[in-house]
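Going by this note's numbering, the sequence shown opens with residue 2, and the numbers climb by one from there. Idealized CB from N, CA, C, for every residue including glycine.
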Amino acid sequence: MAWLRFSGVAAGAMLSVLVACSPVPGPSASGEAGADPHGAWPAQRTTAEMNGAVAEWLEGLEPDDEDLAQRGLLARDDLVDIRTQDGQTVWNTAAFAFLDSAPPDSVNPSLWRQARLNAVHGLFEVVPGIYQVRGYDLANMSIVEGENGRIVIDPLTSVETARAALDLVERELGPRPVSAVIFTHSHIDHFGGVAAIEEATGEGAAPVIAPAGFLNAAVSENVMAGVVMGRRARFMYGGPLPRTARGHVDSGLGKHPALGTHTIAEPDILIDRSGQILEIDGVRMEFQYAPETEAPAELTVFFPDFEAWCGAELVSRTMHNLYTLRGAQVRDALAWSAAIEDARRMFAGRTNVIFNSHHWPVWGRAEAEAFLVAQRDVYKYIHDQTLRLAAQGLGPDEIAEEIALPDTLGEVFAVRGYYGTLKHNARAVYQRYFGWYDGVPAHLDPLPRIQAAQRYVGAIGGIEATVEQAEAAFATGDYRWAAELAQHAVFAEPDHGGARDVLARSYEQLGYGAESAPWRDVYLTGAHELRHGIAASDTVGAGAEILDAIPLDMFFAALATRLDGLRAARADRVFNFVFTDVGETHVIVISNGVMHHRRGNAADDADATVSLTRNFWTRLMRQEAGLLDMLGSEDFSVDGDRRALYGFFGMLEQPDSDFPVVTP
Ligand SMILES: [Zn+2]
Numbered sequence: 002m003a004w005l006r007f008s009g010v011a012a013g014a015m016l017s018v019l020v021a022c023s024p025v026p027g028p029s030a031s032g033e034a035g036a037d038p039h040g041a042w043p044a045q046r047t048t049a050e051m052n053g054a055v056a057e058w059l060e061g062l063e064p065d066d067e068d069l070a071q072r073g074l075l076a077r078d079d080l081v082d083i084r085t086q087d088g089q090t091v092w093n094t095a096a097f098a099f100l101d102s103a104p105p106d107s108v109n110p111s112l113w114r115q116a117r118l119n120a121v122h123g124l125f126e127v128v129p130g131i132y133q134v135r136g137y138d139l140a141n142m143s144i145v146e147g148e149n150g151r152i153v154i155d156p157l158t159s160v161e162t163a164r165a166a167l168d169l170v171e172r173e174l175g176p177r178p179v180s181a182v183i184f185t186h187s188h189i190d191h192f193g194g195v196a197a198i199e200e201a202t203g204e205g206a207a208p209v210i211a212p213a214g215f216l217n218a219a220v221s222e223n224v225m226a227g228v229v230m231g232r233r234a235r236f237m238y239g240g241p242l243p244r245t246a247r248g249h250v251d252s253g254l255g256k257h258p259a260l261g262t263h264t265i266a267e268p269d270i271l272i273d274r275s276g277q278i279l280e281i282d283g284v285r286m287e288f289q290y291a292p293e294t295e296a297p298a299e300l301t302v303f304f305p306d307f308e309a310w311c312g313a314e315l316v317s318r319t320m321h322n323l324y325t326l327r328g329a330q331v332r333d334a335l336a337w338s339a340a341i342e343d344a345r346r347m348f349a350g351r352t353n354v355i356f357n358s359h360h361w362p363v364w365g366r367a368e369a370e371a372f373l374v375a376q377r378d379v380y381k382y383i384h385d386q387t388l389r390l391a392a393q394g395l396g397p398d399e400i401a402e403e404i405a406l407p408d409t410l411g412e413v414f415a416v417r418g419y420y421g422t423l424k425h426n427a428r429a430v431y432q433r434y435f436g437w438y439d440g441v442p443a444h445l446d447p448l449p450r451i452q453a454a455q456r457y458v459g460a461i462g463g464i465e466a467t468v469e470q471a472e473a474a475f476a477t478g479d480y481r482w483a484a485e486l487a488q489h490a491v492f493a494e495p496d497h498g499g500a501r502d503v504l505a506r507s508y509e510q511l512g513y514g515a516e517s518a519p520w521r522d523v524y525l526t527g528a529h530e531l532r533h534g535i536a537a538s539d540t541v542g543a544g545a546e547i548l549d550a551i552p553l554d555m556f557f558a559a560l561a562t563r564l565d566g567l568r569a570a571r572a573d574r575v576f577n578f579v580f581t582d583v584g585e586t587h588v589i590v591i592s593n594g595v596m597h598h599r600r601g602n603a604a605d606d607a608d609a610t611v612s613l614t615r616n617f618w619t620r621l622m623r624q625e626a627g628l629l630d631m632l633g634s635e636d637f638s639v640d641g642d643r644r645a646l647y648g649f650f651g652m653l654e655q656p657d658s659d660f661p662v663v664t665p
């Protein structure tokens, strides 16, 4: 029952795919000839020209971000090499040493710039008394000094990175106890390392402050749709890619998600309204409650004595995602923009510095105001212009092509599309209002991908003719069309080496030209999988405490999505699940191929009653226990119709965490 994404290392089979008859890589404009050891081609002329034009545009526009990213540096380890206990790399800054040069043709210069800024690491003073560890994780750890100890804002993604960051803080600023922890929002890069603080301070010694709804949002995000999101996240973050100028260079927010051991803590103090005030360890704090913005549960916090505002991830130095490419529900652009305006009205007049959960701070009152205005405006601009264009009859594809930012926003680097993009965010707004159907009758019931591909290839004149046309499009630098044609060719004939090869090369050039790091990683991962097959996931498991924090209801809701409805259609059953240690009973009812569940009293008419412990359940989820353990364990027993129960288990489908994406 491996149906929880973060429940351990997925044992994905390595599919070795050999691409036959690859043509010899052409020389790039800069003369970098030949495929690299990973099979990646150089940038082709069109890509190099496009990136050259970006470089020209950048010149003269670039603000002093290089200085700002270095400002206040107190200490830096030359090499940050963080590993798990068994030696697995969690974070290694040396992997990005290649960024220390001029942008190569194979990276959009604007993304290269962001990638270099995100590679700056160390301990920095924001203002006297407020510090940040940056570049030790995807996210920042911020520190506010109190009378007797320090407040830690966002203890990073994993215990390993948080421990390294705390070590750096203590080495430089001296050892002090942690007097409070703030989780700014429900994404794991802002709480997963909390156990490192408990190790240092003692469990429960420092109160944890979080936005209302934190725990539920934090643990639920990956339960229901986790397998698909996990698979797609490998594309979005370039998991299998080498860190090279033809591979992964950045993720837009920071270098990449940190691996390691993820933990969670239950909040002691919830922020559920704006204007809420706390004073802890002599530090006065004014909170903003900003749910349903960048995260379902999010807060920001103003420190009046420092004239400093922590904007969490409500604002950052990139256009963020209204929709994330790993797959997620679309966020509310209007609520997000409104929350930024609320923050501006509450705090901007008293703010001399903004420091956030990602990227480097914004210093100066006028700069802070301008930063907030641009952040506020960009999401509402995308929202309003998408609906304006839709009202002219444009569909999502046309809107994505047509929408453009005015220079007044387009030349503001802090809202450029390094993470989210204008194109996919506009599609997200369309989707939020109109859903998947664009209103064109031919799109109501289209042929599925494989059938469509076979028919297109037939209409074009066969597989060779299709590949030839894709090659012709590639040769002229029309990579989007080349990819479209080659995608049909691969889905019609997945073993055709020439089809796979031209598709991989087309994706690659699209990746090289992308300003958005997730776009680059999506394309390059596509090319990588076409050439090398699907690599086993390098996901590192959630700690048991995250699994223990997930309400059992959520597991049963997810279990229902594994039931093969047609097979179960006539297998109407009732089962009780009695969790002996936590005193919870859940009743499962199967009817018409649908599994319902409710928490409550055991059903009298159950076919079987399962007694088990929450711990055994967690071990099942972590794949530390299987069917054999069920038969022999004292923590698991069945009373009633065992055959019916095992028959039900047999109708639960094992999800495929390595399903194919770029091939049928
Ligand atoms: Zn984050």
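Three-way DSSP call (helix, strand, coil) for Trp92 in this model: Residue state for Trp92 is assigned as strand, using DSSP reduced to three classes.
Helix, strand or coil at Pro212 according to DSSP, with G and I counted as helix: Reduced to three states, the DSSP call for Pro212 is strand.
Three-state secondary structure (DSSP) of Ser358: Shown here, Ser358 sits in coil according to DSSP, grouped into three states, outside any helix or strand.
Local conformation of Asp657 per DSSP, three classes: Reduced to three states, the DSSP call for Asp657 is coil.
7 Å CB neighbourhood of Glu585 in its chain, flanking five on each side removed: Taken in chain order, the residues that qualify are Leu553 and Arg600.
Residue burial classification, Phe578 (beta-carbon count within 10 angstroms, cutoff 16): If you draw a 10 Å sphere on the C-beta of Phe578, you find 16 or more other C-beta atoms in it, and that means buried.
Near ligand 1: His360 beta-carbon under 7 Å from a heavy atom: Because no heavy atom of ligand 1 lies under 7 Å away, the Cβ of His360 does not count as near it: no.
Candidates Ala537, Gly411 and Asn141, of which the one nearest His257 by Cα: Considering only alpha carbons, the answer is Asn141.
Beta strand (DSSP E) runs contained entirely in the region 294–366, provided each spans 3 or more residues: Entirely contained in the region 294–366, the beta strand (DSSP E) runs reaching 3 residues are, in chain order, 300–304, 309–311 and 354–356.
Buried/exposed call for Pro449, threshold 16 Cβ in 10 Å: Result: exposed.
Length of the line joining the Cα atoms of Ala340 and Val374: Their Cα atoms are separated by approximately 12 Å.
Leu423 (DSSP reduced to helix, strand or coil): Assignment of Leu423 by DSSP, reduced to helix, strand and coil, places it in the helix class.
Residue from Val458, Pro407, Phe99 and Gln386 whose Cα sits closest to the Cα of Asn426: Selection Val458, Pro407, Phe99 and Gln386 evaluated against Asn426 yields Gln386 as nearest (Cα-Cα).
Arg177 (DSSP reduced to helix, strand or coil): Secondary structure of Arg177 (DSSP, three-state): coil.
Continuous beta strand (DSSP E) stretch holding Asn577: start and end: Annotation: the continuous beta strand (DSSP E) that includes Asn577 extends over Arg574 to Phe580.
For Gln133, the residue or residues it bridges with in DSSP: Beta-bridge analysis with DSSP links Gln133 to Phe125 and Ser143.
Of the residues Asn616, Val611, Thr614 and Leu564, the one placed nearest Gly594, counting alpha carbons only: For the options Asn616, Val611, Thr614 and Leu564, the alpha carbon positioned closest to that of Gly594 is the one of Leu564.
beta-carbon His257 near ligand 1 non-hydrogen atom, thresh 7 Å: For ligand 1, not one heavy atom lies less than 7 Å from the Cβ of His257.
Helix, strand or coil at Gln386 according to DSSP, with G and I counted as helix: Helix, per DSSP.
Three-state secondary structure (DSSP) of Arg6: With a pLDDT of 30 at Arg6, under the threshold of 50, the modelled position of that residue is not reliable, and no figure is offered here.
Neighbour-count burial assignment, Gly227, 16 or more Cβ in a 10 Å radius: The residue is buried, with at least 16 neighbouring Cβ atoms inside 10 Å.
The region 300–317 contacting the region 351–370, beta-carbon criterion three pairs below 8 Å: At 8 Å Cβ cutoff, the stretches touch.
Proximity test, Leu254 beta-carbon vs ligand 1 heavy atom, cut-off 7 Å: Yes.
His425: CB within 7 Å of a non-hydrogen atom of ligand 1: His425: no, Cβ never under 7 Å from ligand 1.
Classification of Gln677 by the beta-carbon crowding that lies within 10 angstroms, buried from 16 upward: In this structure the chain extends from 2 to 665, so residue 677 is not present and cannot be described.
Pairwise C-alpha distance: His321 and Ile383: One C-alpha to the other measures close to 12 Å.
Tyr438 - containing alpha helix (DSSP H), residue span: Neither: Tyr438 is in no alpha helix (DSSP H) and is coded neither H nor E.
CA nearest to the CA of His249, picked from Ala607, Gly534 and Ala528: The option with the nearest alpha carbon to His249 is Ala528.
7 Å Cβ shell around Arg274 - same chain, five flanking residues per side excluded: Within the same chain, Arg274 has close Cβ partners Tyr290.
Secondary structure of Leu564, DSSP reduced to three states: The three-state reading of DSSP puts Leu564 in strand, counting E and B together.
8 Å Cβ shell around Gly13 - same chain, five flanking residues per side excluded: At Gly13 the pLDDT is 25, less than 50, meaning the model places this residue with poor confidence and gives no usable figure here.
CB of Asp608 within 8 Å of CB of Gly641, strictly: In contact: Asp608 and Gly641 (Cβ atoms closer than 8 Å).
Short Cβ contact (8 Å threshold) for Ala572 with Gly648: Yes.
Contact under 8 Å by Cβ, Ala298 with Ala369: Here Ala298 is not near Ala369, since their CB atoms are 8 Å or more apart.
Three-pair Cβ contact test at 8 Å for the region 390–401 versus the region 168–185: With the cut-off at 8 Å, the region 390–401 and the region 168–185 do not touch.
Pair within 8 Å by beta-carbon distance, Gly261 and Ser159: The answer is yes: Cβ separation under 8 Å.
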